Ligand code: PLP
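Numbering (the working numbering), first residue to last: 22 to 303.
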């Protein structure tokens, strides 16, 4: 049985208790982070800790652990759960007022702080060898996709809808322009050899993996929106995320990308990122 971290305590997963009045439960009033583990070490820890701090500031939650605390919590969970490879989820909610109320509780209400691990194969994920089939769907999320909140219902619905349509995942679009994947940043490489990726606006999550992958790219980079049509005609396509690293996309709305196999630049980038991640994990 896994050990989880909840509000200062390391406890068996079955013993974690959170109030029914917790604002994370009643309002999705909470933010989270997902950090990958390779060789028992944390990948891109600094980036994730910084983004969590930004998410907390944007929605005004106080009293969460700081960087050193998160590092200690993660290392303790990795050790206790013997995680060689996998994920650590961190979640901070606005805590538990005495009753349900739209008005925020007093600013000194302690947040609810949770962390748990999942052991999984990441570097040798077999999906990377065949690539993903994606379908595009309207991006109907709220306008602050740059804050990593736990309002994940729409993304979850889109992923399930994509699977029901025989694909692996969804790419979301606003007015014909791709924003991002259900839980990944979306990128294409054009036939001219240019990597195109959505700029960092409020419409997408500012991916930590995206930020670490782009400096490893050999191609010219254009940070601009790209259309569904441009994506369907791309030479290569891929997604980036903490859990998938760099993952090839081989089909978009039934259009075969390249020759239907993961593109060579994408495969190279996946290896370059994994090498970088292993070298810099802490
Ligand atoms: N976009 C969305 C909507 C996500 O949920 C995620 C990750 O969960 C990403 C992008 C990728 O971000 P990161 O590379 O920080 O995992």
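Heads up, the beta-carbon is just placed ideally off N, CA and C, and yes, glycines get one too.
Computed from a prediction, not measured in an experiment: that's the story for all the values here.
Item checked: Enclosing beta strand (DSSP E) for residue 244 [first to last residue] -> Going by DSSP, residue 244 is part of the beta strand (DSSP E) stretching over 241-244.
Note to self: DSSP three-state label for residue 254, please.
What the structure shows: Residue 254 falls in the coil class under three-state DSSP.
Margin query: I need the straight-line Cα distance from residue 291 to residue 227, nearest angstrom please.
Written below: Each residue's Cα considered, the two are about 19 Å apart.
Item checked: Extent of the continuous beta strand (DSSP E) to which residue 221 belongs -> Counted as a single uninterrupted DSSP element, the stretch harbouring residue 221 is not any beta strand (DSSP E), since DSSP gives it neither H nor E.
Check: Where residue 253 and residue 287 are concerned, what is the direct C-alpha to C-alpha distance, given to the nearest angstrom?
Finding: Near 16 Å, if we compare the C-alpha coordinates of residue 287 and residue 253.
Next item on the list: May I ask you to list the residues that DSSP assigns as paired with residue 51?
Entry: DSSP, once it has assigned bridges, lists 114 as partnering residue 51.
Checklist line | Residues near residue 27 by beta carbon distance below 6 Å, same chain, minus five either side | finding: Apart from the 5 residues on each side of it in sequence, residue 27 sits with its Cβ closer than 6 Å to the Cβ of 37, 135 in its chain, given in chain order.
Item checked: Reduced DSSP secondary structure (H/G/I, E/B, other) of residue 40 -> Look at residue 40 here: in three-state DSSP terms it is coil, with no helix or strand label.
Check: Between residue 157 and residue 280, is the Cβ-Cβ spacing less than 9 Å?
Finding: Taking the C-beta atoms as reference points, residue 280 is found no nearer than 9 Å to residue 157.
Margin query: Taking only three categories from DSSP, how would you classify residue 126?
Written below: Residue state, collapsed to three classes: coil.
Notebook entry, point to check: Can you name the residues that DSSP bridges to residue 46?
Noted result: Paired residues: none, contrary to the question.
Margin query: Taking contact to mean 3 or more Cβ pairs, one atom from each stretch, closer than 8 Å, check whether the segment 225-243 and the segment 56-69 are in contact.
Written below: Taking a cut-off of 8 Å on C-beta distances, the segment 225-243 touches the segment 56-69, as three or more cross pairs fall below it.
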